[in-house]
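Undergrad:
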Amino acid sequence: KHCNRIEQPIRFQGQYYDEETGLHYNRFRYYDPEVGAFTQQDPIGLLGGHNCYLYVPNPLKWIDPWGLTAKPGDCPKGKATIYKYTPTEENPFGHYSVEVSHNGKVLHTHQVITAEDHSTTTIVSVNDYPPSQPIAHSNIFELPNAMKAQEYQQNIEWKELGEYDRKQNSCVTHVCEVLRKGGIDVPNSALGELKFLKKAGF
Numbered sequence: 001k002h003c004n005r006i007e008q009p010i011r012f013q014g015q016y017y018d019e020e021t022g023l024h025y026n027r028f029r030y031y032d033p034e035v036g037a038f039t040q041q042d043p044i045g046l047l048g049g050h051n052c053y054l055y056v057p058n059p060l061k062w063i064d065p066w067g068l069t070a071k072p073g074d075c076p077k078g079k080a081t082i083y084k085y086t087p088t089e090e091n092p093f094g095h096y097s098v099e100v101s102h103n104g105k106v107l108h109t110h111q112v113i114t115a116e117d118h119s120t121t122t123i124v125s126v127n128d129y130p131p132s133q134p135i136a137h138s139n140i141f142e143l144p145n146a147m148k149a150q151e152y153q154q155n156i157e158w159k160e161l162g163e164y165d166r167k168q169n170s171c172v173t174h175v176c177e178v179l180r181k182g183g184i185d186v187p188n189s190a191l192g193e194l195k196f197l198k199k200a201g202f
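Each residue of the sequence shown is one higher than the one before, starting from 1 at the first, in the UniProt record's numbering.
Written out as structure tokens, the structure is:
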């Protein structure tokens, strides 16, 4: 019943709320929450940036709910969206692609067959070479390390991967390998991959 009597003057990043002015004290200068900026210039001058009153360069994208990120881009977490495309007579199992999002950057890749006899394959961007069929289903996965997943996507793009093999070198194996690089425990066997996707609703 005494909750309303408790006062907490400590604000974000150790700022101290000044009740008389309504400002947040930062030792060297004050922050005004009404305008989202400091009221005095940065004591280090232009070394802190062109705007000497700036508090956060990008308040829309520079977010850190748990306070664990040292700077933008440090947090490796992200999302992967797996897409399955409508099956056809030639491909009754359907085609798959994977889109990884991290810190505002998006990479969407899939495997393509580059020879009529299926003797060569590679990985390309969906933006450059979109699948021919419409999306039938999709699912989103939280990636512990989306940075690693995107690095893998970038490194493997346009590399010659050899002959197409439904169990060992296919669109499914590409999608599952990207998830593995991102920190998701996907079984290495072809059967395990299919079971994983089936459990995910595919």
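Virtual Cβ for every residue (Gly too), placed ideally from N, Cα, C.
#1: Expressed to the nearest angstrom, what Euclidean distance is found between the alpha-carbon atoms of LEU161 and PHE141?
#2: Skipping 5 residues on each side, what residues in its chain have a beta carbon closer than 6 angstroms to that of ARG180?
#3: Helix, strand or coil: how does DSSP classify TYR30 here?
#4: Give the single residue among ASN145, LYS159, GLY201 whose Cα lies nearest to the Cα of HIS102.
#5: With 16 other CB atoms within 10 Å as the buried threshold, where does ASP165 fall?
#6: Taking the alpha carbon of GLY192 as the point to measure from, which residue in LYS167, MET147, GLY183 has its own alpha carbon closest?
#7: Is there contact here, the segment 106-117 with the segment 35-44, by at least three beta-carbon pairs under 8 angstroms?
#8: So, are the CB atoms of PHE196 and CYS176 less than 8 angstroms apart?
#9: Is ALA136 near THR88, with beta carbons less than 8 angstroms apart?
#10: Have a look at LYS1 and TYR31 and give me their C-alpha separation to the nearest angstrom.
#11: For LYS1, which three-state DSSP category applies?
#12: Just confirm the distance between the C-beta atoms of GLY182 and LYS159, as a whole number of angstroms; I'd bet it's less than 8 angstroms.
#13: Tell me which residue opens and which closes the beta strand (DSSP E) that ASN139 is part of.
#14: Out of SER97, LEU194, THR173, state which residue places its alpha-carbon closest to the alpha-carbon of ASN127.
#15: Determine the DSSP secondary structure at GLY78, reduced to helix, strand or coil.
#16: Among all the DSSP beta bridges, which residues are the ones paired with TYR55?
#17: Does the distance from the C-beta atom of ARG29 to that of GLN40 stay below 8 angstroms?
#18: Give the range of the beta strand (DSSP E) segment to which GLU157 is assigned.
#19: Just tell me which of TYR83, LEU54, GLU34 has its CA closest to the CA of ASN139.
#20: Where ASP117 and THR81 are concerned, what is the direct C-alpha to C-alpha distance, given to the nearest angstrom?
TA: Inspection of the coordinates gives the following:
#1: 26 angstroms
#2: VAL186
#3: strand
#4: ASN145
#5: exposed
#6: LYS167
#7: no
#8: yes
#9: no
#10: Unreliable positioning characterises LYS1 in this predicted model, as indicated by a pLDDT of 49, which lies under 50. The coordinate reading is nonetheless provided below. Approximately 32 angstroms, taken between the alpha carbons.
#11: Only weak support is given to the placement of LYS1: the predicted model assigns it a pLDDT of 49, under 50, and the value that follows is read from those uncertain coordinates. In this structure, LYS1 counts as coil in the three-state DSSP scheme.
#12: In fact, because the Cβ distance is near 19 angstroms, the residues do not count as touching under 8 angstroms.
#13: 135-143
#14: SER97
#15: strand
#16: According to DSSP, which records beta bridges pairwise, TYR55 is partnered with nothing at all.
#17: yes
#18: Careful: GLU157 lies outside any beta strand (DSSP E) and carries neither H nor E.
#19: TYR83
#20: 30 angstroms
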